[in-house]
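This report concerns only the one structure given below.
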Amino acid sequence: MRPEQRTPLARYRHSLWLLTQRDLRVRYSTSVLGYFWSILDPLVMAGIYWFVFTQVFDRSVGNEPYIVFLLAALLPWMWFNGAISDCTRAFLREAKLIRSTRIPRTIWVNRLVLSKGIEFLASIPVLVLFAILYGAELGIDALYFPLAIVIQAMLTAGVGLLVAPLVVFFRDLERAVKLILRFLFYASPIIYGTTDLPPNLHFWAAFNPLSGIFSLYRAAFFPEQLDWFAVIISVVMSLVFLGLGLLVFRRTESAVLKEI
Numbered sequence: 001m002r003p004e005q006r007t008p009l010a011r012y013r014h015s016l017w018l019l020t021q022r023d024l025r026v027r028y029s030t031s032v033l034g035y036f037w038s039i040l041d042p043l044v045m046a047g048i049y050w051f052v053f054t055q056v057f058d059r060s061v062g063n064e065p066y067i068v069f070l071l072a073a074l075l076p077w078m079w080f081n082g083a084i085s086d087c088t089r090a091f092l093r094e095a096k097l098i099r100s101t102r103i104p105r106t107i108w109v110n111r112l113v114l115s116k117g118i119e120f121l122a123s124i125p126v127l128v129l130f131a132i133l134y135g136a137e138l139g140i141d142a143l144y145f146p147l148a149i150v151i152q153a154m155l156t157a158g159v160g161l162l163v164a165p166l167v168v169f170f171r172d173l174e175r176a177v178k179l180i181l182r183f184l185f186y187a188s189p190i191i192y193g194t195t196d197l198p199p200n201l202h203f204w205a206a207f208n209p210l211s212g213i214f215s216l217y218r219a220a221f222f223p224e225q226l227d228w229f230a231v232i233i234s235v236v237m238s239l240v241f242l243g244l245g246l247l248v249f250r251r252t253e254s255a256v257l258k259e260i
């Protein structure tokens with residue numbers, strides 16, 4: 001089917017996939033290790049936290065095996081963190097191409113969400129490998145894994161669509177986002193679980209949309225980590241962020257094109 005014969009949605013998907021492929025090829029074309037770079041960063045971070053909390057200090061958080069507990073949240077965190085960080089430069093980096101094409105501008109954000117999501121999927125074998133090595137049992141709750149991916153994709157796209165145009169007008173927001181992400185790392189149940197928090201914080205922790213998402217990922221190996229209240233809050237907040245992101249994006253699109 002020729003491009004002009006496709007539906008608008010089909011053309012959008014086709015363009016999104018082409019740009020995502022381009023991003024992945026450019027990222028790894030000059031790299032010797034290639035794919036392994038997508039898993040090396042979270043693996044090193046997980047190794048550091050595992051060493052600190054199991055060999056240096058007496059750990060009172062998380063579940064055993066702790067390395068699997070860590071990776072089950074750290075890998076999706078790298079997806080979220082990487083996509084949002086790149087979204088702060090989504091329009092500034094590709095300014096000439098964005099101005100000279102008629103592709104729907106949301107693609108320039110969604111391609112980053114998709115490319116980082118593909119890297120996340122490519123890192124899942126590492127989680128499976130450590131689960132096998134340390135004897136972590138895969139439970140029936142692993143069926144919720146795709147649900148977690150869908151919710152996280154909505155949340156990441158929503159935040160990305162909100163951040164990308166605003167950075168064009170407020171350049172300091174790029175650094176502010178980095179600081180917020182650093183704070184969010186420790187405010188999210190990554191090196192600990194929501195069940196490790198004091199009882200009076202359980203309710204408020206659920207309003208971090210990553211809490212419910214990470215509980216779905218971890219439920220595959222640690223069923224006691226599944227918190228349906230946090231999951232419901234995550235779904236609601238992800239939809240709110242997605243709607244707000246689309247609204248802000250559409251309201252600022254013409255001004256962004258003039259600014260860049």
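Take 1 as the starting number for the sequence shown in UniProt numbering and just add one per residue. Note that CB positions come from ideal geometry on N, CA and C, so glycine has one too.
Which residues mark the beginning and the end of the alpha helix (DSSP H) in which residue i is found?
i    : result
N110 : I107 to L133
I233 : W228 to E259
Pick helix, strand or coil for residue i, following the three-state DSSP scheme.
i    : result
G193 : coil
E4   : With a pLDDT of 48 at E4, under the threshold of 50, the predicted position of this residue should be treated as unreliable, though the coordinate-derived value follows. E4: helix per DSSP, three-state reduction.
P209 : helix
F222 : coil
T101 : coil
L138 : coil
L9   : helix
Out of the options, which one is the CA nearest neighbour of residue i?
i    : options                : result
A206 : L16, F69 and I233      : I233
P125 : A72, L19, E224 and L24 : A72
A90  : T101, L75 and N110     : N110
S238 : L147, T156 and L179    : T156
S123 : A153, F36 and L92      : F36
Answer yes or no: do residue i and residue j have a C-beta to C-beta separation smaller than 7 angstroms?
i    : j    : result
A131 : V68  : yes
D141 : T194 : no
W79  : G117 : yes
I151 : I191 : no
L166 : G245 : no
F249 : V159 : no
V70  : Y49  : According to the sequence displayed, residue 70 carries Leu and not Val. In this structure, Y49 lies closer than 7 angstroms to L70 by Cβ.
S254 : I107 : no
T88  : V177 : yes
V113 : A83  : yes
- Unbroken beta strand (DSSP E) runs of length 3 or more, entirely within the region 56 to 95: which are they? none
- Task: Pick out the complete beta strand (DSSP E) segments inside the region 140 to 201, 3 residues or longer, and give them in chain order.
- Result: none
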